[in-house]
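For the sequence shown, counting from 1, position 372 maps to 1181 in my numbering; every step adds exactly one.
Virtual Cβ for every residue (Gly too), placed ideally from N, Cα, C.
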Amino acid sequence: MGKNILVMPGTYWVMALCRRIKELGHRVLLVDPNLNCQCREFADEYLQSDIFDWEKVTDFARKNKADAVMSDECDIAMSMVSKVGEELGLPVQGSDIIRYFTDKFLMRRFCREQGLKYPEYKMCMTKEETVKFFRTIGKPIIIKPLDSNASHGVFRIESEEDIEKHFDESMSFSRIRQAVIAERYIAGQEFTIDGIKTRNHHYTLAISRKEHYKHNPGIANELYFSYDDPEYDYEKLRKVNDAYVMASGLEYGFTHAEYKYENGDYYLIEIAARGGGNMISSVITQYLSGYQTYDFLINAALGEIKDTDFSIKDEYKGRCAVLKFFGVPCGGGVVKEVDGEACLKTIPAIKEYRLNFSIGDTVGDCLNDSARIGFYIACTENREELDQVMKEVENQFFIRIKKG
């Protein structure tokens, strides 16, 4: 008999999860504020609601006898998943554990307790506290909300005037308390690392080197995934990340973390108990690892938590992938035409692509992750093939802009 699985929200990024739930013979109970959300087609029962409306969501779950509650690729949903699951007695990550993956202040403190590397930091409730920390550090800092997503409210601070300009906006995205986390800015190479936690182990499924837009070094425009790297010790990064996850008490689930490299060490920037967004968990990690990881996640959410071996087999260690975000030509304007979209459809290695605009739309340089104008995902058996695909797209795909 199929089970009733509550999923929230119903955005584009959880379509693959909803599709897999249906393929396995289960029913989808969907919650989303939009009447015509992207996952509506998969819903057996649907609630149009803010996912943070506690009473509506729990009543909906009880009425439809939910056997599990879950989400993926969505930071802001994870605390609510835990809260609803605990209320209904379902096998979710406890809120006492999930806070180590949602509260950036607690992440820093936990790193300190575990002897892991972290940038100097301070939780600041006022501009004055932030200015004092900035003066103490004597270098550029980052301010960010305690528990936001998609780079909302994240700013690099190079002067006290920058604090005056950005502090209130950054604080406005903090939900758990009215404060920001201020930390020393690390200028080194940035990485993402995606994994999966089974009953007794944490396995790394994918690591990427990140590159960023020139107009905003806090927003990534390329994630290049490979099993190893000629310049950086990925095995050391795996061990650092494993240490955090295993010490946290996380019972099961996907993990997605960001680290920066400085003077031979990896510093945690943030970590989440969900898969990487923009289809990293639904496309890239599954291709690179060779595993259908959603089957494990769904079964674990139903209480069937196993110690499955997700070690990367030798035949998959040469595989590579890229998540490449498009840039806006000439600082932006009105989209006049798009040339070469056919290559995104016909190159076999390109597994997914998305354009978040139409002809005639006005586009500009993105201010946060969710404002990027589109992307493609390419997966290949080796670096040479991937580099060739990226060159083909660069040479064929153009967004033509009309100024004014």
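(message) Given a cut-off of 8 Å on the beta-carbon distance, is the pair phenylalanine 1134 and glutamate 1031 in contact?
(response) yes
(request) Assign lysine 948 to one of three DSSP states: helix, strand, or coil. (result) coil
(request) Determine which residues share a DSSP beta bridge with phenylalanine 1134 and list them. (result) Phe1184
(request) Within its chain, find whatever has a CB closer than 7 Å to the CB of leucine 844; leave out the 5 residues flanking it on each side and keep chain order. (result) Gln857
(request) Whole angstroms is fine: what's the gap from isoleucine 1208's alpha carbon to asparagine 1165's? (result) 12 Å
(message) Spatial neighbours of valine 963 within its chain, please: C-beta separation below 8 Å, excluding the five flanking residues on both sides.
(response) Ile951, Ile952, Lys953, Pro954, Ser957, Ser979, Gly1027 and Asn1177
(request) Could you tell me which of Glu895, Tyr1162, Lys936 and Tyr1075 sits nearest to glycine 924, measuring between CA atoms? (result) Tyr1075
(message) Could you give the first and the last residue of the continuous alpha helix (DSSP H) run that contains aspartate 1104?
(response) 1102 to 1110
(request) Determine the burial state of proline 1138: buried for a count of at least 16 other Cβ atoms within 10 Å of its Cβ, exposed for fewer. (result) exposed
(message) Let's test the definition: count the other Cβ atoms within 10 Å of the Cβ of asparagine 1050 and tell me whether it reaches 16, buried, or not, exposed.
(response) buried
(message) Measuring alpha carbon to alpha carbon, tell me which residue in Ile1078, Ile1168 and Lys812 is nearest arginine 829.
(response) Lys812
(message) Can you give me the C-alpha to C-alpha distance between glutamate 854 and aspartate 841, rounded to a whole angstrom?
(response) 11 Å
(request) Could you tell me which residues DSSP puts in a beta bridge with cysteine 1129? (result) Ser1035 and Thr1189
(message) If you reduce the DSSP assignment to three classes, tell me which class tyrosine 1096 lands in.
(response) helix
(request) Using 10 angstroms around the beta-carbon of glycine 1058, count the other beta-carbons present and answer buried if the total reaches 16, otherwise exposed. (result) exposed
(request) Would you identify the three-state DSSP class for lysine 1019, choosing helix, strand or coil? (result) strand
(message) Can you tell me whether alanine 996 is buried or exposed? The criterion is at least 16 other CB atoms within 10 Å of its CB, across all chains shown.
(response) exposed
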